[in-house]
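Line by line, the protein sequences give chains G and Y. Under the working numbering, the residue at position 164 of the first sequence is numbered 164, and the numbers go up by one with no gaps. Count along the second sequence from 1, then add 206; that gives the number in the working numbering. Using N, Cα and C, we set each Cβ at its ideal position, and we do this for glycine too. Small disclaimer: the values here were computed from a predicted structure and weren't measured.
Protein chains: 2
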Amino acid sequence: MNRPNSNARDGILTAANKLFYAEGIRAVSLDNIAEKAGVTKKTVYYHFKSKDDLVEAYLASRDQPNLALYRKWFEEADGGLPDKVAAIFYQIATSARHPKWKGCGFLRTAAELANMPGHPAMKVGAAHKKKFELWLEQEFENLGLDGSAALSRQVVLLLDGAFSTILVHRDPDYAETAGEAARALVERAVNSSTPKRSGQMESANP
Amino acid sequence: MNRPNSNARDGILTAANKLFYAEGIRAVSLDNIAEKAGVTKKTVYYHFKSKDDLVEAYLASRDQPNLALYRKWFEEADGGLPDKVAAIFYQIATSARHPKWKGCGFLRTAAELANMPGHPAMKVGAAHKKKFELWLEQEFENLGLDGSAALSRQVVLLLDGAFSTILVHRDPDYAETAGEAARALVERAVNSSTPKRSGQMESANP
DNA sequence: TGATGTATATTCACTGGTGAGTATACTTCG
DNA sequence: CGAAGTATACTCACCAGTGAATATACATCA
């Protein structure tokens, strides 16, 4: 119970992570978090100036780890670009089969705080999603694809769609369908991009 | 079933609709709803047995109207199948530009109640999304497309992705990107399908 | 060395307010 | 009358945030 050596702030953030993700923002009180962290509420308020502040810190703490995971899945996947993109979706399907999976914390927080567009956590969430989009765009760009930005956005849309749809139906298979859609869109972009080694007689564009 | 078709009940449901959609489920109290409806909380409890019951009624009341809207957008759109599908997305982009737009109520409710998978409102939400998916699948099927089910799911994923992503970035343009992705996927399915014989309304001329 | 000051970190007990839900009584109309 | 519908006024739990006090660590200086 008493852990004099533990860093209280980290403990609070860890507890907040688990509870906010598992139950939702407004469903969790700072009393809940304090209890789970083994501190009093006042200690929570010592380290975070308000609940909103803690919510922001919660999302911020997930930003880099989540992005790193996506990158890892992409980089470690076998095959060409379409396969690597599809791999992200297949990994999400796997994650979603775990009983504690409850969708994307960023998306769920955005949905819950939709009435507070200026909330600091909303900005963190938007920035996170944008980073993912730009990273993917850069990957496409590096391979010389045309329309990298639009393609990246399409993949992002499928990804967020997968998160949402899986949550609604509790059916991770949707991630695989989304992965196949993403694969098709990437393949299409690869095939229609500037010359690679095309055996087709593509006409120059008007 | 009972038919409590009183004025008060409708007023309460209307108020619940506005408030739940605008602010979120847990952010709105029955006191808020009662006040907005111009009745006392006890009257709310006379017509709805609990807050959960009212949340369920809120989503149920949006089921048919929303589906009708999607159908209308689809049916009234010019062009071939890909255009009709894309039209839904363009209409969503337009809706999303209204300042009071706050995403898809079904999705946001699912996100907020993700910790209560058995909640009656969750079932209503899942059923609603499934109806849309099956309607679209049937439209594809009617045109003799192969893989209608998978294609319908892909479009659904893009649609829910658009709702989510627009909400995160407050940028309705994502709906247009999603629409183009959907168009591409539908075109691909049309082109790869076994020759269909049904003369459809798609014009032969670009 | 030891006394004292100061910033960090934490607790207990509390406030003002709101939440879901209820007990009871009043009203209106068939 | 009596049932449907509404109102007043309540309970009890919880919640975000606070006040005052305390404990610990470490520095400064007499």
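At what residues does the alpha helix (DSSP H) containing residue i begin and finish?
| i | result |
| --- | --- |
| Asn-348/Y | 326–348 |
| Arg-183/G | 173–191 |
| Thr-249/Y | 247–253 |
| Gly-105/G | 105–112 |
| His-375/Y | 354–375 |
| Thr-220/Y | 213–229 |
| Thr-300/Y | 287–302 |
| Val-55/G | 51–76 |
| Glu-236/Y | It is Leu, not Glu, that sits at residue 236/Y in the sequence shown. Counting along the chain, the alpha helix (DSSP H) containing Leu-236/Y begins and ends at 236–243. |
How should residue i be labelled, buried or exposed, when 16 other C-beta atoms within 10 angstroms of its C-beta is the threshold for buried?
| i | result |
| --- | --- |
| Ser-370/Y | buried |
| Ser-50/G | exposed |
| Lys-290/Y | buried |
| His-304/Y | exposed |
| Thr-315/Y | buried |
| Pro-82/G | buried |
| Glu-222/G | Since the displayed chain G opens at 1 and closes at 206, residue 222/G lies outside it and no answer follows. |
| Gly-331/Y | buried |
| Gly-24/G | buried |
| Val-186/G | buried |
| Tyr-46/G | exposed |
| Asp-284/Y | exposed |
| Asp-10/G | exposed |
| Asp-366/Y | buried |
| Gly-103/G | buried |
| Ala-68/G | exposed |
| Gly-80/G | exposed |
Would you tell me roughly how many angstroms separate the C-alpha atoms of residue i and residue j, rounded to the nearest one?
| i | j | result |
| --- | --- | --- |
| Met-207/Y | Ala-263/Y | Residue placement at Met-207/Y is flagged as unreliable, the pLDDT there being 32, under the threshold of 50; the coordinate-derived value follows with that caveat. Distance between the alpha carbons of Met-207/Y and Ala-263/Y is about 14 angstroms. |
| Leu-225/Y | Lys-129/G | 28 angstroms |
| Pro-352/Y | Ser-29/G | Here residue 352/Y turns out to be Asp, not Pro, going by the sequence shown. Near 50 angstroms, if we compare the C-alpha coordinates of Ser-29/G and Asp-352/Y. |
| Leu-158/G | Ile-92/G | 12 angstroms |
| Met-201/G | Ser-192/G | Bear in mind that a pLDDT of 40 at Met-201/G, under 50, signals an unreliable position, so the number given afterwards is only what the model happens to contain. Cα to Cα, Met-201/G sits roughly 12 angstroms from Ser-192/G. |
| Thr-177/G | Arg-359/Y | 7 angstroms |
| Val-396/Y | Ala-292/Y | 14 angstroms |
| Asp-377/Y | Val-362/Y | 19 angstroms |
| Ala-34/G | Ala-162/G | 33 angstroms |
| Ala-27/G | Trp-101/G | 17 angstroms |
| His-375/Y | Ala-381/Y | 12 angstroms |
| Ala-221/Y | Ile-372/Y | 25 angstroms |
| Tyr-70/G | Ile-88/G | 6 angstroms |
| Pro-120/G | Thr-400/Y | 52 angstroms |
| Leu-349/Y | Phe-338/Y | 17 angstroms |
| Arg-268/Y | Val-250/Y | 19 angstroms |
| Val-55/G | Phe-312/Y | 23 angstroms |
| Asn-7/G | Gly-38/G | 11 angstroms |
| Phe-48/G | Lys-123/G | 18 angstroms |
| Gly-324/Y | Ala-317/Y | 13 angstroms |
| Ala-184/G | Lys-278/Y | 29 angstroms |
| Ser-354/Y | Glu-345/Y | 8 angstroms |
| Leu-136/G | Lys-248/Y | 54 angstroms |
| Ala-266/Y | Ala-114/G | 21 angstroms |
| Ala-127/G | Phe-74/G | 20 angstroms |
| Gln-174/Y | Ala-96/G | Lying before the first or after the last residue shown, residue 174/Y is absent from chain Y, which here runs from 207 to 412. |
| Ile-12/G | Ala-22/G | 15 angstroms |
| Ala-387/Y | Asn-272/Y | 22 angstroms |
What residues of chain G sit near residue i, judged by a beta carbon separation below 7 angstroms?
| i | result |
| --- | --- |
| Leu-363/Y | Leu-158, Gly-161, Ala-162, Thr-165, Tyr-174, Thr-177, Ala-178, Ala-181 |
| Arg-359/Y | Tyr-174, Thr-177 |
| Arg-303/Y | Those do not exist, as Arg-303/Y stays about 14 angstroms from chain G at its closest Cβ, beyond 7 angstroms. |
| Gly-331/Y | Val-168 |
So which residues on chain Y does residue i lean against when the C-beta distance must stay under 9 angstroms?
| i | result |
| --- | --- |
| Gly-80/G | What Gly-80/G touches in chain Y: nothing, since even the nearest Cβ is about 18 angstroms away. |
| Asn-115/G | Ala-228, Glu-229, Gly-230, Ala-233, Lys-308 |
| His-119/G | What His-119/G touches in chain Y: nothing, since even the nearest Cβ is about 12 angstroms away. |
| Ala-150/G | Thr-383, Glu-386, Ala-387 |
Chain Y partners of residue i, CB-CB under 8 angstroms?
| i | result |
| --- | --- |
| Lys-18/G | Near Lys-18/G there are no residues of chain Y at all, since even the closest Cβ is about 12 angstroms away, more than 8 angstroms. |
Which chain Y residues sit within Cβ distance under 7 angstroms of residue i?
| i | result |
| --- | --- |
| Glu-112/G | Gly-230, Ala-317, Glu-318 |
Quick one: list the residues of chain G neighbouring residue i, beta-carbon separation under 8 angstroms, in chain order.
| i | result |
| --- | --- |
| Glu-335/Y | Contrary to the premise, residue 335/Y reads as Lys rather than Glu in this sequence. Chain G residues near Lys-335/Y: Thr-165, Val-168, His-169. |
| Arg-394/Y | Ala-184, Arg-188 |
| Arg-314/Y | Ala-111, Glu-112, Ala-114 |
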